[in-house]
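Worksheet: the structure to be examined is printed underneath.
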Amino acid sequence: MRLKLRNVLKIKNADIEIGGLTVLTGENDSGKSTVGKILFSILKAANNARQIDKMKTISLLKSELGTLKKMFHQTDPVHILDDIPTLSFNLIEGITLAEDLRKILETEAEKIGFSSRMIAMMRTRLLRIEQSLLKLDNPEVAVGEEFQAIARSEFMEPLNSYGSENSEILFHDDTTDADGSDIEIRINQGKVDEVRLSGTSSLEDITYIESPLYLHILNTLRLSSQIPTASLRGMPSYLKKDNIPYHLADMADKIISGSEEIPSLFGQGIFGVSCSKQLEEIKSVIGGEFILNNKTKQLSFTQKGHVVPPISVASGIKSFGVLQRLIETDSISTFKMLIWDEPEIHLHPEWQIVFCRIIIELVANGIPIVVSSHSPYFVQALRYFASAKGIEKDVKYYLAEESDDEMLSNVREVTNDLNRVFSLLAAPLRDIMNVDAVRNSMK
Numbered sequence: 109m110r111l112k113l114r115n116v117l118k119i120k121n122a123d124i125e126i127g128g129l130t131v132l133t134g135e136n137d138s139g140k141s142t143v144g145k146i147l148f149s150i151l152k153a154a155n156n157a158r159q160i161d162k163m164k165t166i167s168l169l170k171s172e173l174g175t176l177k178k179m180f181h182q183t184d185p186v187h188i189l190d191d192i193p194t195l196s197f198n199l200i201e202g203i204t205l206a207e208d209l210r211k212i213l214e215t216e217a218e219k220i221g222f223s224s225r226m227i228a229m230m231r232t233r234l235l236r237i238e239q240s241l242l243k244l245d246n247p248e249v250a251v252g253e254e255f256q257a258i259a260r261s262e263f264m265e266p267l268n269s270y271g272s273e274n275s276e277i278l279f280h281d282d283t284t285d286a287d288g289s290d291i292e293i294r295i296n297q298g299k300v301d302e303v304r305l306s307g308t309s310s311l312e313d314i315t316y317i318e319s320p321l322y323l324h325i326l327n328t329l330r331l332s333s334q335i336p337t338a339s340l341r342g343m344p345s346y347l348k349k350d351n352i353p354y355h356l357a358d359m360a361d362k363i364i365s366g367s368e369e370i371p372s373l374f375g376q377g378i379f380g381v382s383c384s385k386q387l388e389e390i391k392s393v394i395g396g397e398f399i400l401n402n403k404t405k406q407l408s409f410t411q412k413g414h415v416v417p418p419i420s421v422a423s424g425i426k427s428f429g430v431l432q433r434l435i436e437t438d439s440i441s442t443f444k445m446l447i448w449d450e451p452e453i454h455l456h457p458e459w460q461i462v463f464c465r466i467i468i469e470l471v472a473n474g475i476p477i478v479v480s481s482h483s484p485y486f487v488q489a490l491r492y493f494a495s496a497k498g499i500e501k502d503v504k505y506y507l508a509e510e511s512d513d514e515m516l517s518n519v520r521e522v523t524n525d526l527n528r529v530f531s532l533l534a535a536p537l538r539d540i541m542n543v544d545a546v547r548n549s550m551k
């Protein structure tokens, strides 16, 4: 799989291979987070559009067909309208054609002797049904609208690079079949101008983790997104209150909405991927586990018989807790990518090493992961455990660097030149290592 970006916010050019472990490195404000959020936005848009568009269409069909049923029931019921839910499903799946429905209803309306106004009302509703079904055959529109909404939530500014009007985003998945699948989005003056789709990606979902510090307000987060999360689709719009970044609400939804029946099943690896070893390692490292109360949707940390609210739990423990819940709820898997932005921030050196080891084990289990980091210590730990696990070929390293003549960054592969990364990221430490020299300068 590959992600290509051109003139997207901080990024001038990027061509990144994804699928095993992808490590994005660079200094602060080099565009690492931009890459991750764009990848999250484009894959979320494609997957959400498939689900949301069907839900909207089913809702509209039920409403319009229900009204048509009432119109005919005033005089003589039409049997095709007896079971509205089944008819709605059949129309979406093409089992019943909208054209055939129109012919049946127009014939019945003529037999009954509908007035001109009644016929006009019937045809208007049939036209709405046909138009909604046509939209399902044009997923580019749905993906474009969903991407625009998610990107607005994530960035709160136009995606064009500074000084540029046009941006391009391309995600290619070569793991589906010989031809692969593509999602291509072109942006002009901050708005989605063109969407091209081909095939269907092997990825069913994606999760973006920026910080584990929100575990005490998970329910608030998932209820506050303007874009409904998976468990809230179809809920009243008044629940969508604030414009928090969508990835926060999505993370919260996954951590507290997963069925507690699923973890034990996946822990046994009945679907070919067992993460039970990683779960046990996480619980051993933090000396406890995070448990969800399904009734209150509140998370708590249980340690040696003591129940601790998340707000009182150390941030490093929360990092492992997020990973624990994502594994338990099947939110990350072979078909569900994980992006983690600078995970080292909340981990002391020893736990950084443990975290890297678990990440490598998950990648070895076939879970696609992207991490960004500005820590040479963290990057070296990933490199070490990838070698120890024998999966170095599945790990790609990239460096985002700002060019000298402009504010934009280029992202280049440095898998075979990691000394360049270590030299850049360790430079600040070298500058303050010679304490004797600075002492002498003070004399």
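Numbering (my numbering), first residue to last: 109 to 551. Where a beta carbon is used, it is the ideal one built from N, C-alpha and C, also for glycine.
Pull up the DSSP beta-bridge partners for residue i, would you.
i: Phe409; result: Phe398, Val416
i: Asn268; result: Val116
i: Ala508; result: Gly134, Val519
i: Leu111; result: Ile124, Phe279
i: Arg304; result: Glu292
i: Val471; result: DSSP lists no partner for Val471.
i: Asn274; result: Asn296
i: Leu446; result: Thr315, Ile477
i: Ser441; result: Lys444
i: Val503; result: Leu129
On the CB-based measure, 16 or more other CB atoms within 10 Å of its CB, does residue i come out buried or exposed?
i: Glu318; result: buried
i: Ser269; result: buried
i: Gly377; result: Per-residue confidence for Gly377 stands at a pLDDT of 43, beneath the threshold of 50, marking its modelled position as unreliable; the derived number appears in the next sentence. So Gly377 counts as exposed.
i: Asn548; result: exposed
i: His181; result: exposed
i: Lys362; result: buried
i: Ala545; result: exposed
Give every residue of the same chain whose Cβ lies closer than 7 Å to the Cβ of residue i, excluding the five residues on either side of it in the sequence, and list them in chain order.
i: Ser481; result: Val131, Thr133, Glu450, Glu452, Val487
i: Gly424; result: His454, Leu455, His456, Trp459
i: Glu389; result: Ile466
i: Val300; result: Gly252, Phe255, Gln256, Ile293
i: Phe148; result: Ile314, Tyr316, His355, Ile447
i: Glu273; result: Asn296, Gln297
Report all residues from its chain with a CB closer than 6 Å to the CB of residue i; omit the five preceding and five following residues, and keep chain order.
i: Lys504; result: Glu125, Thr130, Thr523
i: Asp190; result: none
i: Glu276; result: Arg114, Arg294
i: Leu373; result: For Leu373, the predicted structure reports a pLDDT of 44, less than 50, and the residue's modelled location is therefore unreliable. The matter cannot be settled from this model.
i: Lys405; result: Asn327, Ile364
i: Ser483; result: Glu452
i: Ala494; result: Ile468, Glu500, Val503
i: Glu302; result: Arg294
Between which two residues does the alpha helix (DSSP H) harbouring residue i extend?
i: Ile200; result: 192-201
i: Tyr492; result: 484-497
i: Asp96; result: Since the first and last residues shown for the chain are 109 and 551, residue 96 lies out of range.
i: Ser423; result: 423-436
i: Ile354; result: Going by the sequence as given, residue 354 is Tyr instead of Ile. Start and end: 354-365.
i: Thr328; result: 326-332
Which residues in the same chain as residue i place their Cβ atom closer than 8 Å to its Cβ, once the five residues preceding and following it in sequence are excluded?
i: Ser367; result: Its pLDDT being 47, under 50, Ser367 is placed unreliably by the model, and the measurement read from it follows with that caveat. Taken in chain order, the residues that qualify are Thr437.
i: Ser531; result: none
i: Thr175; result: Arg233
Distance cutoff 8 Å, beta carbons only. Does residue i sit that close to anything in chain C?
i: Val519; result: No chain C is present in this structure, which holds just one protein chain.
Could I get the ranges of all uninterrupted alpha helix (DSSP H) runs contained in the region 122-184, with 4 residues as the minimum, in chain order?
140-181
Please give me, in chain order, every unbroken run of the alpha helix (DSSP H) with length at least 4 that falls completely inside the region 218-266.
224-244, 247-263
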